[in-house]
Amino acid sequence: MEYQSHFILMADYNLRMNEQFYEAAGKLSEEEVSADKGAFFGSILGTLNHMLVGDLIWLSRFSTHSTRYQSLRALKDLPQPEGLDHVLYPNLELLTPVRKRVDASIRNWLLNEVEASDFTKTLTYQNVKGVTSERNFGELVSHFFNHQTHHRGQASTLLNQLGVDVGVTDFLIDIPDVRVG
């Protein structure tokens with residue numbers, strides 16, 4: 060498995076999943092989406108905001124890894140999170156277009172700006188508490204996608220509890236069958 064093609068596949072999965080989740084959440088009232096259900100980030104809206112917050116934090120860090128990463132630098136005009144539980148957008152109407160923009164930027168970054176050798180290098184960054192770390196860039200990109208999947212699982216549970224089916228969520232359907240031309 061080669062990092063870049065794998066991460067492009069993950070970006071496609073991420074895009075599909077976010078479209079499905081936002082469509083599913085859109086079937087609910089604003090009150091249902093915002094209701095505190097005792098989840099880690101409270102509500103469906105809180106969870107979806109946290110996923111965006113995590114993405115913006117990591118993409119900002121990633122943007123420093125190479126001068127080629129213009130797609131990521133272009134996201135700096137978005138409101139920047141003040142904490143992991145920061146609700147950047149108070150409703151789906153405002154959150155949805157930003158989510159779509161970020162997902163398109165992720166895909167463009169991986170398709171057009173990343174070079175395979177980038178994944179073998181080290182990224183030095185500070186976490187939200189100001190602690191400096193140095194880690195393999197490829198592993199950090201893997202963590203980035205894993206974080207999204209983790210919280211989509213939480214959002215899926217919250218939606219299911221309200222009787223909303225998000226559809227097929229398996230990454231498997233995005234993996235090409237090698238027998239098919």
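Numbering (the numbering used here), first residue to last: 60 to 240. Using N, Cα and C, we set each Cβ at its ideal position, and we do this for glycine too. On a predicted model such as this, the values are computed, not experimentally measured, just so you know.
Note that the C-beta distance between Tyr184 and Arg120 is below 8 Å. With contact defined as three or more Cβ pairs closer than 8 Å, the region 195-205 and the region 215-224 are not in contact. Residue burial is scored here from C-beta neighbours: Leu107 has at least 16 other C-beta atoms within 10 angstroms and is therefore classed as buried. In this structure, the beta-carbon distance from Val187 to Asp114 does not fall below 8 Å.
Boundaries of the beta strand (DSSP E) harbouring Ser192: Thr191 to Asn195, taken from the DSSP string. Scanning Val190, Asn171, Asn195 and Glu141 for the CA closest to the CA of Thr179 turns up Asn195.
According to DSSP, Tyr148 shares a beta bridge with no other residue. Linking Ala214 to Ile103 through their CA atoms gives a straight-line distance of about 6 Å.
Per DSSP, reduced to three states, the secondary structure at Gly101 is strand.
C-alpha of Met76 to C-alpha of Ser192: approximately 30 Å in a straight line.
The Cβ atoms of Leu131 and Leu147 lie no closer than 8 Å to each other. Leaving aside the five residues that flank His65 on each side, none in its chain has a CB nearer than 8 Å to its CB.
Closest by C-alpha distance to His209, out of Glu91, Glu82 and His109, is His109.
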